[in-house]
């Protein structure tokens, strides 16, 4: 991972700022000269621009102590289709091809960061947090949704019981967190300590819990929306298929990677890219969850072989590129007009979710008798939401076409708030608790292996 | 076949490429110019077995373009150097002049052929001539390196040929930029003459290189360095493609500017060189898959004319090189030793085929294929003879059965 650089001089910061402005100017000129760009030109250009602008914006964010991730998102938002219109909407949609790989690598890194010893050591905390977070956040946000439903046009005509069902779906969305944002912050800060360990373990493992909760909530929502409907366990069947299939494939992939790392180990990045694209396509076809599969694969390599560090090293070397592209394109994707129209509601729901998370954290840490650091700062890492939540909202939109799209729009607006605020809170907590790596200074290029080299 | 499968296939090729081309243990095996991979692409492509279909190829066009531009970027970063050794300016100039002469010679012969036997006229003919000249003028450094490593050649002639093969890359890259700007994207709001557009393209590459260098001078972390280099390259590709210009020309200048201005040429070279190995094989296979023999008129005659012209100009180049100090002992085979042409020629051909679908692009790609295969047959052998005659390789017994010499390579690649 690229660690925090040594403090850079004002001249360096000025160079970065001038370069950032020049890049925006160059793209602006390109768009003015050819307003209707070909798809290919726009896609590749946008990718390069986001990579450069995101990197530079993140460096400038460092000056005011903001996480890099905020810079990546800001670059995307400013250049995106809703602010400067330098990157068109259809181009942003096409960037999802790159995100496929990014998600695979992020999940693999997430699994490889989870150590069995850490999980055992924090098992009580995790279990307690999982129960309290799931129940309290679900209950509070469901209730809040029910109360605020009158301000949501897409709930018009839904019965009171139906509103509880929709609220439950909202509650599940609120329980979900962002593994990618967590990893991005940990990658930047190279934080080590109780808060970092707890957050990582909780966010990664809660992915499975959220999938189960969504299946239950969908079944309940169907009943509440239409009491005459017969109870269907098809969602559970699908869930079982998804969880078992993803786990089996994840273990298999983990073993394959272990053998590869043990006996060949060369050109790891190319191998990971092929696996990222190939397996994700296959997993989508089989209706398995790629995030869970890669997460388990990384976990297997880390905990059931001696190859974990090798895998982590390979994935980490790509982190500066993967995270920039992933979050800058997420920023470009951010629907600013929607946020503008829904901001009071979105802000209100985000605040309620934050408060519920904090409350649940207080209760769970008290029960688990967690150390003061986790009690004090542990909730900060649980605020971020990003791709996983949006993915779940897409499932809901598909399964409930009458109100699903409206719920998804609201979800996008709330995620936009949490996506920006969450990482800042998490970094602040890590800084305050002294877990951020001490200033390592810039690492000389010659001392590191280039990512594309074996 | 789905585009994801093809993409995974290309990544497998990239994997093989990095091992076969880059792996020290097996480098020097396979064919010098990588023609077997071009043939593989040809066989699985839409015009032979059809395993890879036309829509699949279209879906992979962005990837192909980025791969081509990346090759140009790496060429730019390494331009003017053979390994750690800087090429002397006089040799660089000689390489450019000989390459330019070759391009003009072959393009002239093609023009005569095209005016007699094809319907290409005016604008299209000019673009096709530049394209044919561009893919026919260079000598691939990969084949020269292959011969040098396989037979452990070292000496003044080896250095001379390596310098010429490295130094001549600039001519086709500039030629392609000019050719592309002759047919800019319709709807440009800024009207510039073709030379203005070409200068704007190369200038944008230089500007991006300067910006990237300014960042690289203050950024020492490798992962960030990768972000800057990759980001600049992709952004450059986007800008060039947007205005209908050549991403290859832009990226070449970008790489050159990074190399000259960042003050970290050796580090940059060490960083990007392995990626070059990974990119070559997929590019060769994709180029092969794009070849359509039906598009150009009278393919047989076209190939015969171009090859005859190329042999003539390369023989002349060899004769001129023999007048220099390093080439005096080479003998008459030196010119034929300059015939190999591979990855870059195919890359240029593919760039033309992507940019000018139809007769113009396919004519250039077919010519690139022909010069690559022909160069593969005669070039390395002729170069070996020339090097032997100059006493710069081992006795024949050491490599009679195609085995690597036990001697270490003459220099780092």
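Residue numbers (my numbering), protein chains in the order written: chain A, 3 to 456; chain B, 703 to 1115. Just so you know, even glycine gets a beta-carbon here, dropped at the ideal spot from N, CA and C.
Taking a 10 Å sphere around the C-beta of residue 38 (chain A), we find fewer than 16 other C-beta atoms and assign the residue as exposed. Under the three-state reduction of DSSP, residue 33 (chain A) is assigned to helix.
Residue 893 (chain B) carries a coil assignment under DSSP once its states are collapsed to helix, strand and coil. Nearest CB-CB separation between residue 992 (chain B) and chain A: not below the 8 Å threshold.
For residue 749 (chain B), there is no enclosing alpha helix (DSSP H), as DSSP gives it neither H nor E.
For residue 43 (chain A), the nearest beta carbon of chain B is closer than 8 Å to its own beta carbon. Residues of chain A with a Cβ closer than 7 Å to the Cβ of residue 764 (chain B) are, in chain order, 42, 45, 46. Ranking B:1020, B:930, B:713, B:965 by CA distance to the CA of residue 765 (chain B) puts B:713 first. In this structure residue 1024 (chain B) is buried. Its beta-carbon is surrounded by 16 or more other beta-carbon atoms within 10 angstroms. If you compare the alpha carbons of A:224, A:184, A:279, A:385 with that of residue 167 (chain A), the shortest gap goes to A:224. Note: residue 787 (chain B) is bridge-paired with B:784 in the DSSP secondary-structure output.
Under the three-state reduction of DSSP output, residue 64 (chain A) falls in the helix class. Taking a C-beta distance under 8 Å as the contact criterion, residue 1008 (chain B) and residue 812 (chain B) qualify as a contact pair.
At a cut-off of 8 Å, the C-beta of residue 806 (chain B) has no neighbouring C-beta in chain A. For residue 78 (chain A), not one C-beta of chain B is nearer than 8 Å to its own C-beta. Against residue 937 (chain B), the close residues of chain A are 47, 50, 51, 54, in the order they occur along the chain (beta-carbon pairs closer than 7 Å).
Cβ atoms of residue 876 (chain B) and residue 951 (chain B) come within 8 Å of each other, at about 6 Å. Rounded to whole angstroms, the Cβ separation of residue 750 (chain B) and residue 984 (chain B) is 18 Å, and the two are not in contact under 8 Å. In its chain, beyond the 5 residues on either side, 737 have a beta carbon closer than 7 Å to the beta carbon of residue 1075 (chain B). In the structure shown, residue 84 (chain A) falls within a coil segment according to DSSP collapsed to helix, strand and coil.
Listed along chain B, no residue sits closer than 9 Å to residue 74 (chain A) by beta-carbon distance, the nearest being about 11 Å off.
At a cut-off of 8 Å between beta carbons, residue 890 (chain B) contacts chain A.
At a Cβ-Cβ threshold of 8 Å, residue 55 (chain A) and residue 24 (chain A) do not count as neighbours. Closer than 8 Å to the CB of residue 186 (chain A) there is not a single CB belonging to chain B. The residues 837, 1047, 1048, 1051, in chain order, have a CB closer than 6 Å to that of residue 1070 (chain B) in the same chain once the five nearest residues on each side in sequence are set aside. Shown in chain order are the members of the region 269-288 of chain A whose Cβ falls below 8 Å from a Cβ of chain B: 269, 272, 273, 275, 276, 279, 280, 283. Taking 8 Å as the cut-off, the Cβ atoms of residue 358 (chain A) and residue 81 (chain A) do not count as close.
Within the region 907-921 of chain B, 913, 916, 917, 920 place their CB atoms closer than 7 Å to a CB of chain A, listed in sequence order. Under the three-state reduction of DSSP, residue 308 (chain A) is assigned to coil, being neither helix nor strand.
The Cβ of residue 926 (chain B) sits closer than 8 Å to at least one Cβ of chain A. Residue 286 (chain A) carries a helical assignment under DSSP once its states are collapsed to helix, strand and coil.
In the structure shown, residue 397 (chain A) adopts helical secondary structure according to DSSP, grouped into three states.
Within a 10 Å sphere around the beta-carbon of residue 231 (chain A) sit fewer than 16 other beta-carbons, which makes this residue exposed.
The contact set of residue 57 (chain A) on chain B, defined by CB atoms closer than 7 Å, consists of 926, 929, 930, 933 in chain order. Among the residues facing chain A, residue 982 (chain B) is not included, as its CB has no counterpart in that chain under 8 Å away.
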